[in-house]
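Visitor:
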Amino acid sequence: MTQWKPVIGLEVHVQLATHSKIFSGSSTAYGAAPNTQASAIDLGLPGVLPVINARAVDMAVLFGLAINATLARRSVFARKNYFYPDLPKGYQISQYELPIVNHGRLLLPRPDGSHKQVRILRAHLEEDAGKSVHDLFPGSSGIDLNRAGTPLLEVVTEPDLESAAEAVQYMRMLHTLVKFIGICDGNMQEGSFRCDANVSVRRIDDTVLGTRTETKNLNSFRFVERAIQYEIARQIEILESGGKIVQETRLYDPDRDETRPMRSKEDAHDYRYFPDPDLLPLLLSEEEIIAAQAILPELPQQREIRYRTEFGLAPDDAAILASEREIAEYFECVTRLTNLPKQAANWITGEVFARLNRDEAAFAPSKVTAESLAALIARVADATISTTMAKQVFDAMWQGEGEPDAIISNRGLRQVTDHREIEALVDAVIAESPEQVAQFRAGKDKVFGYFVGSVMKRSRGKANPQQVNDLILARLRAP
Amino acid sequence: MLEAAEVKAIAKLARIQMEPAELPAMVEQLAGILALIEQMNAIDTTDVEPLAHPLELPARRRADVVTERDERTAYQTNAPETREGYFLVPRVIE
Numbered sequence: 006m007t008q009w010k011p012v013i014g015l016e017v018h019v020q021l022a023t024h025s026k027i028f029s030g031s032s033t034a035y036g037a038a039p040n041t042q043a044s045a046i047d048l049g050l051p052g053v054l055p056v057i058n059a060r061a062v063d064m065a066v067l068f069g070l071a072i073n074a075t076l077a078r079r080s081v082f083a084r085k086n087y088f089y090p091d092l093p094k095g096y097q098i099s100q101y102e103l104p105i106v107n108h109g110r111l112l113l114p115r116p117d118g119s120h121k122q123v124r125i126l127r128a129h130l131e132e133d134a135g136k137s138v139h140d141l142f143p144g145s146s147g148i149d150l151n152r153a154g155t156p157l158l159e160v161v162t163e164p165d166l167e168s169a170a171e172a173v174q175y176m177r178m179l180h181t182l183v184k185f186i187g188i189c190d191g192n193m194q195e196g197s198f199r200c201d202a203n204v205s206v207r208r209i210d211d212t213v214l215g216t217r218t219e220t221k222n223l224n225s226f227r228f229v230e231r232a233i234q235y236e237i238a239r240q241i242e243i244l245e246s247g248g249k250i251v252q253e254t255r256l257y258d259p260d261r262d263e264t265r266p267m268r269s270k271e272d273a274h275d276y277r278y279f280p281d282p283d284l285l286p287l288l289l290s291e292e293e294i295i296a297a298q299a300i301l302p303e304l305p306q307q308r309e310i311r312y313r314t315e316f317g318l319a320p321d322d323a324a325i326l327a328s329e330r331e332i333a334e335y336f337e338c339v340t341r342l343t344n345l346p347k348q349a350a351n352w353i354t355g356e357v358f359a360r361l362n363r364d365e366a367a368f369a370p371s372k373v374t375a376e377s378l379a380a381l382i383a384r385v386a387d388a389t390i391s392t393t394m395a396k397q398v399f400d401a402m403w404q405g406e407g408e409p410d411a412i413i414s415n416r417g418l419r420q421v422t423d424h425r426e427i428e429a430l431v432d433a434v435i436a437e438s439p440e441q442v443a444q445f446r447a448g449k450d451k452v453f454g455y456f457v458g459s460v461m462k463r464s465r466g467k468a469n470p471q472q473v474n475d476l477i478l479a480r481l482r483a484p
Numbered sequence: 018m019l020e021a022a023e024v025k026a027i028a029k030l031a032r033i034q035m036e037p038a039e040l041p042a043m044v045e046q047l048a049g050i051l052a053l054i055e056q057m058n059a060i061d062t063t064d065v066e067p068l069a070h071p072l073e074l075p076a077r078r079r080a081d082v083v084t085e086r087d088e089r090t091a092y093q094t095n096a097p098e099t100r101e102g103y104f105l106v107p108r109v110i111e
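Chains Z and E supply the protein sequences, listed in that same order. Numbering follows my numbering, in which position 378 of the first sequence is assigned residue number 383; successive positions increment by one, without gaps. Numbering follows my numbering, in which position 31 of the second sequence is assigned residue number 48; successive positions increment by one, without gaps.
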C-alpha cells in the first residue's frame, strides 16, 4: 500500500482589535444592528477615499516582530477584484506583491522537547467583506456591511504542516500569540480568528507537491482538524482509485462533517490584482520599528520556559499561566511579592481558576488583586493560618469582603501555633483514648487519623495541622 | 494572439454584458491595446524601480478613532430594496 504524506498550509485571518475600521472612521464593535456601522467609505460610494488606520499598522508591526519576520519598509495596497454582493466596491483592498510582514516563523514544541519550525511566508493588511444572510428573507439575500472594512491581518504559512493535529497546534499557538500581544480578541464565535486550509497529499517518496484544495472559513479548532482530516482522506481515496484532484475552493459543513465544492468561487480565481491608486505606499521608519520592539512583551513561549526553569513550575502550570498576558502578569506580581512561585501558581491555577469556571467569568485581576493574594499566601507561609483556613479567607476575599488580614481577625481564624497549647490538647486526647493508643502501638496506622481529627476538633480547627501531626506522632512513638 | 474566448472570459470577470455581434470588434481593439503593452514590455527596465504610485509621498495615517455616525437611513434611500436594515439582493446561494 502506498504511503501518503499530507502537505498543509494555513491562511489565518486575524481580526485586528482596533476601534475603527482599517480605511474609515466607522466603529468595528460587534453585534450592532445591520448597516448602522457602514459609512460612505465602507459602502464604496463614489468620490470617497480610504485613509489607513495607524493602529492597524502598529499591530501588524508588532506581530511581525513577534514572529521574527522581516518588516517591509515600504508596502503597497492592491485591489483584489471580484464581484459578490457583500463586497460593495467590487474589489477588496489588500496587499499583494509587497505585504508589510515577510518571512517569519513560529516554533511548535514537540513532545520530545525539540521544536518544529513553521515558516510564515507573509502577513498582509486587508479589509474584511460584509456579511450575507441567506435564511432571513425568502428569495433574497440580506446584506449587512457592518463588517465591511474591518481590519484583518492575513497570516499565510508555507506548506510546512504535516497533519491535522499539527495544523491545529500551529493555529492554537498563533491564537495565543495574537491575543497575548493584544492585537486580536481571539473570539472565534464572532469570527475574529478564522482559517482557510490548503491541503494536498503526495506519495511519501515523491518530491512534487500534489494538487491542493482550499477549504474556507474554518472558525473553530475542531472544525480545522475535522475538515483537514476529511480532506486528506478524500484526496487519498480519489488518488488510490486512479482519479485526479481538482484544484478548487471547498466549504466545510460541520453538520455533515464533510467538505464540498463552493460553486460561487468557481471562476473567481482571476483576481486581477493591481496597486490601489487611492492609497500611497505605506512606509515604516526605523524609529517606529525600534519603538514597537520596546513595547513588545515577553512572549508566551519564552515565559513558559522561564516559569519552568526559573520558578520550577510543572509544564502544565507554566503553559497555562503563560498563555494570557493578564494572567501571566498577575502570577508574576504575586510571585514577586511573596517570592513563592509554586504557591502563587497553585493558588491561581487552583482556587482562582475554579471560581472563574464556577462563575463562568473571564479572568480579571481586580477581583482579588495580586497584592491581596500575595498577602494571603504570606499568612499561610508565616503559619498565621492553615491552608484550609486560607481557602475560607480566599472565599471571603472573592465575595469582596476585603483584605486577608482583616478577614482573618474578623473571623477569629488565627491559627494556634503555641506549642504548649497544642501539647495540652494532644495530651488530653491521648489520655482519653487508651484503646486507640494500644491499637496504634499494635501497628494499626489508620487510628492516627482519629487522633488528628480529635485534636483539631478540640481546637475548633485552629491548631496548626503540621504541629498537631508531629506532636501526636512523637507522643505515640514514645515508650 | 488574443482569442474570442479570452475576451468573453474577461468580460465575464468584469461583469460586462456583450452581445456576440460586439465580440469581433472588441477582440480587435483589445489586441491593439495588448500590442502596445508588448511594445512597452520590450523596454529594458532592469535598473528601474517598480512604481506603485506616481506620487512620491508616504501614506498618511489616521488615528484609530470612531468618527462616523449611523446614517443608514440616508444611505439606504438609494438602494432598490431594503428590509430590517439589510440591503436586499437576489438570492445568492452557497
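Note that the Cβ used here is the ideal one computed from N, Cα and C, for glycine as well.
#1: Over what stretch of residues does the beta strand (DSSP E) that includes Z/R199 continue unbroken?
#2: Report the partner residues of Z/K121 according to the DSSP bridge assignment.
#3: Cβ of Z/A128 within 8 angstroms of Cβ of Z/L103?
#4: Buried or exposed, going by whether 16 or more other CB atoms sit within 10 Å of the CB of Z/F88?
#5: Decide if Z/G147 is buried, meaning its Cβ has at least 16 other Cβ atoms within 10 Å, or exposed.
#6: Helix, strand or coil, according to DSSP, for Z/L166 in the structure here?
#7: Return the chain-ordered ranges of every beta strand (DSSP E) run that is complete within the stretch 16-103 of chain Z and spans a minimum of 3 residues.
#8: Residues of chain E with a CB under 9 angstroms from the CB of Z/L381: which are they?
#9: For the beta strand (DSSP E) containing E/F104, name the first residue and the last one.
#10: Quick one: list the residues of chain E neighbouring Z/L285, beta-carbon separation under 8 angstroms, in chain order.
#11: Whose Cβ in chain Z lies nearer than 7 angstroms to the Cβ of E/E85?
#12: If you run the structure through DSSP and keep just helix, strand and coil, what is E/P67?
#13: Measure from the C-beta of Z/V339 to each C-beta in chain A and report whether the shortest distance is under 8 angstroms.
#14: Label E/E73 either buried or exposed according to how many other C-beta atoms from any shown protein chain fall within 10 Å of its C-beta, with 16 as the threshold for buried.
#15: Just the C-alpha distance for E/V44 and E/E55, rounded to the nearest angstrom, thanks.
#16: Once DSSP output is grouped into helix, strand and coil, what is the label at Z/G147?
#17: Specify the secondary structure class of Z/K221 as computed by DSSP and reduced to three states.
#18: Do the CB positions of Z/N58 and Z/A77 come within less than 8 angstroms of each other?
#19: Of all Cβ atoms in chain E, is any one closer than 8 angstroms to the Cβ of Z/F88?
#20: Please list, in chain order, the chain Z residues whose beta carbon lies closer than 7 angstroms to that of E/D81.
#21: Measuring straight from C-alpha to C-alpha, what distance separates E/G102 and Z/S145?
#22: Under the rule that 16 or more other beta-carbon atoms within 10 Å means buried, what is Z/S290, buried or exposed?
#23: Kindly indicate which three-state DSSP category Z/I250 falls into: helix, strand or coil?
#24: DSSP beta-bridge partners for Z/Y175?
#25: According to DSSP, is Z/N192 helix, strand or coil?
#26: Anything in chain Z within Cβ reach of E/P41, meaning under 9 angstroms, just list it in chain order.
#27: What in chain E is Cβ-close to Z/H129, meaning under 8 angstroms?
#28: For a minimum of 4 consecutive residues, which ranges assigned as the alpha helix (DSSP H) are wholly contained in the stretch 351-439 of chain Z?
#29: Bridge partners of Z/S464, per DSSP?
#30: In the DSSP assignment, find the unbroken alpha helix (DSSP H) run with Z/R311 in it and report its ends.
Guide: Checking against the coordinates, here is how it stands:
#1: F198 to R208
#2: Z/L113
#3: Cβ distance not < 8 angstroms, so Z/A128 and Z/L103 don't count as in contact.
#4: Exposure of Z/F88 is indicated by the presence of fewer than 16 other C-beta atoms within 10 angstroms of its C-beta.
#5: buried
#6: strand
#7: 82-86 and 96-100
#8: Here the premise fails: no neighbours, minimum Cβ distance about 40 angstroms.
#9: Y103 to P107
#10: Those within 8 angstroms of Z/L285 in chain E are H70, L72, L74, P75, A76 and R77.
#11: Correct list: S29, G30, S31 and S44.
#12: coil
#13: No chain A is present in this structure, whose protein chains are Z and E.
#14: exposed
#15: 16 angstroms
#16: strand
#17: strand
#18: no
#19: Interface residue, yes.
#20: T23, H24, S25, N58, A59 and R60
#21: 14 angstroms
#22: exposed
#23: coil
#24: Paired residues: none, contrary to the question.
#25: coil
#26: None at all; the shortest Cβ gap to chain Z is about 23 angstroms.
#27: Here the premise fails: no neighbours, minimum Cβ distance about 14 angstroms.
#28: If we require 4 residues or more, the alpha helix (DSSP H) runs fully inside the stretch 351-439 of chain Z come out as 358-364, 375-386, 392-403, 409-415 and 424-437.
#29: BP columns for Z/S464 are empty, so no partner.
#30: P305 to T314
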